[in-house]
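Numbering-wise, numbering that gives the first Met the number 0 puts 152 at position 153 of the sequence shown, and it's gapless, one number per residue.
Cβ coordinates follow ideal geometry from the N, Cα and C atoms, glycine included.
Model, not experiment: these values are computed from the prediction.
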Amino acid sequence: MPEIEAPVQILITGIMAAGKSTIAQALAERLPKSVHLRGDLFRRMIVNGRAVMDAPLSDEALGQLRLRYQLAAQAADGYLAAGFTVVYQDVIIGDVLNEVVAMRREWPLYVVVLCPSPAAALERDAHRHKQTYQSWTPEGLDQALRDETPHIGLWLDTSDLTVAETVDAIFNRLETARIR
Numbered sequence: 000m001p002e003i004e005a006p007v008q009i010l011i012t013g014i015m016a017a018g019k020s021t022i023a024q025a026l027a028e029r030l031p032k033s034v035h036l037r038g039d040l041f042r043r044m045i046v047n048g049r050a051v052m053d054a055p056l057s058d059e060a061l062g063q064l065r066l067r068y069q070l071a072a073q074a075a076d077g078y079l080a081a082g083f084t085v086v087y088q089d090v091i092i093g094d095v096l097n098e099v100v101a102m103r104r105e106w107p108l109y110v111v112v113l114c115p116s117p118a119a120a121l122e123r124d125a126h127r128h129k130q131t132y133q134s135w136t137p138e139g140l141d142q143a144l145r146d147e148t149p150h151i152g153l154w155l156d157t158s159d160l161t162v163a164e165t166v167d168a169i170f171n172r173l174e175t176a177r178i179r
């Protein structure tokens with residue numbers, strides 16, 4: 000594991016069922032003072048008026064998605080200021096990745112994009128407690144990820160990697176993931 004001078008933030012993104020939550024948790028568990036920040040928590044806190052995140056996204060859904068990213072950035076800043084390394088994971092696809100990166104302030108930032116094949120994501124989705132592919136398809140999201148998302152940070156095909164192998168690959172190539 001490389002030496003990481005806390006506090007830093009590691010942003011993990013990818014399509015649904017790419018393994019973001021599992022990898023973020025395993026990564027955070029290997030760091031001495033860390034937080035696993037789950038972006039979806041901010042969506043789930045909305046009791047009434049939560050927009051449905053079905054394809055295509057409505058204006059309200061896009062607004063709530065941006066709010067979720069802003070709230071996550073604010074929470075990350077609080078943890079970073081307290082000396083924690085923040086491993087933040089969320090689905091951040093398209094040009095909005097640049098917006099989310101811009102929300103990350105003065106702290107060192109690493110971006111990791113998990114990009115398993117659509118077939119691997121669909122297989123993983125079938126084994127989760129929640130199935131996420133209904134109005135979205137893994138192929139459509141994968142195409143948006145690869146064609147519309149800025150190619151910054153470390154892009155990692157995790158189709159054939161275990162959780163431990165993925166975390167090792169991230170630590171071994173962490174400097175590739177560094178944005179600032």
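Counting every other CB atom within 10 Å of its CB across the protein chains shown gives Met-52 a total of 16 or more, marking it as buried. Burial check for Ser-57: the Cβ neighbour count within 10 Å stays below 16, so the residue is exposed. Three or more Cβ pairs drawn from the segment 85-96 and the segment 8-16 lie within less than 8 Å of each other, which places the two stretches in contact. By the CB criterion at 7 Å, Ala-71 and Val-162 fall outside the cutoff.
Secondary structure of Gly-152 (DSSP, three-state): coil. Contact between Gly-152 and Val-111 holds, since their C-beta atoms are separated by about 6 Å, short of 8 Å.
Scanning the segment 39-74 from its first residue to its last, the whole alpha helix (DSSP H) runs of 4-plus residues come out as 39-43. Around the Cβ of Gly-18, a 10 Å sphere holds 16 or more other Cβ atoms; the residue is buried.
Closest by C-alpha distance to Ile-92, out of Ser-134, Ala-74, Ile-22 and Leu-140, is Leu-140.
Counting along the chain, Ser-116 sits inside no beta strand (DSSP E), nor does DSSP assign it H or E at all. Going by beta carbons, Pro-107 and Pro-137 fall outside the 7 Å limit. For Lys-32 against Gly-77, the beta-carbon gap comes to about 14 Å, at or over 8 Å, which does not count as contact. In this structure, the straight-line span from the alpha carbon of Leu-66 to that of Ala-125 is close to 29 Å.
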